[in-house]
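Notes follow the structure.
Chains as they are written, first to last, in this note's numbering: chain A, 1 to 321; chain B, 1001 to 1302.
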């Protein structure tokens, strides 16, 4: 709430700050370096864009979710909460909801473990480690569509690199992407590996902001490396944890591109996330009202997770101070 | 940002036992003995996994479709470039790269200009209204793009913006602008106001102050915004995949996706197309690595 009180302070200060210049400014017709509220006009273009392309669609989407609109006809009728009732009775949607949480939470867990591990391994002076950092980070910059296409090659049935290993070890070829469970695991793994560089860099920055003398002092006191990690690194990495977890979780919950390329949501609907299913419901099934309802649910999921995590992680940070 | 600061090279000949070499290493961070080898092996596995998709795409793209040798084998003796020709001819990949350049450059310029303009009053003029605008702006960062797919597509359709540059550019700008405004506002708050006050005393007008005094100071944050926006727009697929369906209008990500789904029986060509899509990003990354990592981390940590 501090942010709501703060704005009054500069206002009170402003006359004080400007008084010494008072003699000059009225002559120029300017009250302060910024002048009057007219300066706010500078954010009007941005607000117009938000109003037209985000806020209006958001509100209109909520309105559409209470109709049976098919997406193109001029007619639509209000159906109350029918779409939402249908959503939660729809087995496909329930499955897809579970998938969405698996993508979000699974990726977040893998990325934290791997990202922190990599940061710990790379946080020292050694030849070749700069190159390792650069390589691990590289996929972050590549379009997930392209990464998905490349990984598809690896998981091909005939002649795929992974099936080569399986047959080389004397096994039978595996139809990786025809199996729903395997596909979900592959999607989580591909997404985690692609963006692990972000977690790694956040944790590296966190580790390097910890003063070296803490480690030196604790070594003198006879602390083991494990104890140092537990009682120095971990608590002081709290802000890095918060940033990385929120970022990865939101990224995973709205996962779209990799699924679209690797499995197209299949087999059947088995690997869809809410994001990919919205397009299917809208364009393929012509249920725009129903798809709007899914959009509202997706929006609420992200809002609830973000707010809950921010509250939780900030409270933990406060407790430790 | 010390993460990517160049490190002095380790003295040659010390690889055998350099666990004690880096005196600055925290004892808690560096393993010793067997655990050291384990960490090294783990690192190698991850580096290998990160390179593997690129390597396999390369070996696949450089072989003829009828070549059924293992993906692991690099075709040293007979490199075949026909797949790149197929990707260019039937996949429209060069046209798609051109479209991506247009959309990315225009969107990025607009995001920087509109973001810097909007950030200025939010940084310098504190009022209840402006606090509200800032909070709204942060809230907008959260909205998942596909949650508004139906109403947004409907709107674009009514405006005649589907399959147009301006339609996709306006959507990209709107999606990237909240983060840019946030970064510009935070940066401008950290600038001393005394410079602007001095300029006022020298008789500069409000707009002169903005364009001649404030904007030139924004280079560091602009570098961050350019990289964040540029990478995001270049790679964007979730919305542009639906907005750009006509082959001659598609940017690179939708083009790859549709080429891939049409040519799923011609994977070497899909691999070639993917590599061509990666190349511009790869070249930029090689030359501007420091800016890239720094920019993306700044964006992430805010």
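Backbone N, C-alpha and C define an ideal beta-carbon position, used for all residues, glycine too.
Here residue 1072 of chain B is exposed: its Cβ has fewer than 16 other Cβ atoms, across all protein chains shown, within 10 Å.
Proximity to residue 90 of chain A across A:239, A:116, A:277, A:314 peaks at A:277, based on C-alpha coordinates.
Approximately 6 Å separates the beta-carbon atoms of residue 1267 of chain B and residue 1060 of chain B; this is inside 8 Å, confirming the contact. For residue 1121 of chain B, the C-beta contacts it makes with chain A under 7 Å involve 39, 40, 42, 43, in order along the chain. DSSP places residue 79 of chain A in no alpha helix (DSSP H); its state is neither H nor E.
Here residue 1197 of chain B is buried: its Cβ has 16 or more other Cβ atoms, across all protein chains shown, within 10 Å. In this structure residue 183 of chain A is buried. Its beta-carbon is surrounded by 16 or more other beta-carbon atoms within 10 angstroms. With contact defined as three or more Cβ pairs closer than 8 Å, the region 141 to 154 of chain A and the region 59 to 73 of chain A are not in contact.
Bridge pairing for residue 1245 of chain B: absent [DSSP]. Residue 1082 of chain B is positioned such that its CB atom lies no closer than 8 Å to that of residue 1184 of chain B. At a cut-off of 8 Å between C-beta atoms, residue 267 of chain A does not count as an interface residue with respect to chain B. Within 10 angstroms of the beta-carbon of residue 169 of chain A lie fewer than 16 other beta-carbons, which makes it exposed. At a cut-off of 8 Å, the C-beta of residue 1151 of chain B has a neighbouring C-beta in chain A. DSSP, read as helix, strand or coil, puts residue 271 of chain A in coil. Chain B places no beta carbon closer than 8 Å to that of residue 170 of chain A, leaving this residue out of the contacts. Residues of chain B with a Cβ closer than 8 Å to the Cβ of residue 313 of chain A do not exist, since the nearest Cβ in that chain sits about 14 Å away. As a beta-bridge residue in DSSP terms, residue 67 of chain A pairs with A:78. Against chain B, the beta carbon of residue 288 of chain A has neighbours under 8 Å at 1150, 1154, listed in chain order.
Counting only the Cα atoms, residue 198 of chain A lies some 14 Å from residue 1289 of chain B. Within 7 Å of the CB of residue 238 of chain A, no CB atom of chain B is found; the nearest one sits about 13 Å away. Close to residue 1042 of chain B, with beta-carbon spacing below 9 Å, are these residues of chain A in chain order: 117, 118, 121. In this model, residue 1204 of chain B and residue 1194 of chain B are separated by some 14 Å (Cα to Cα). For residue 1099 of chain B, the enclosing alpha helix (DSSP H) starts and ends at 1093 to 1124. Taking one beta carbon from each stretch, the region 1109 to 1124 of chain B and the region 1216 to 1229 of chain B have 3 or more pairs nearer than 8 Å; the two touch. According to the DSSP assignment, residue 1254 of chain B belongs to the alpha helix (DSSP H) that extends over 1252 to 1262.
In this structure residue 1163 of chain B touches residue 1244 of chain B by the C-beta definition: roughly 6 Å separates them, less than 8 Å. Of the residues assessed, residue 240 of chain A falls on the buried side of the cut-off, its CB having 16 or more other CB atoms within 10 angstroms.
Nearest CB-CB separation between residue 195 of chain A and chain B: not below the 8 Å threshold. Interface with chain A (8 Å Cβ-Cβ cutoff): residue 1165 of chain B is excluded.
For residue 1165 of chain B, the enclosing alpha helix (DSSP H) starts and ends at 1165 to 1189. Residues of chain B whose Cβ lies closer than 8 Å to the Cβ of residue 260 of chain A are, in chain order, 1237, 1241, 1257. Not flagged as an interface residue toward chain A: residue 1208 of chain B, since no C-beta distance is shorter than 8 Å. Judged by DSSP in its simplified three-state form, residue 210 of chain A adopts coil rather than helix or strand.
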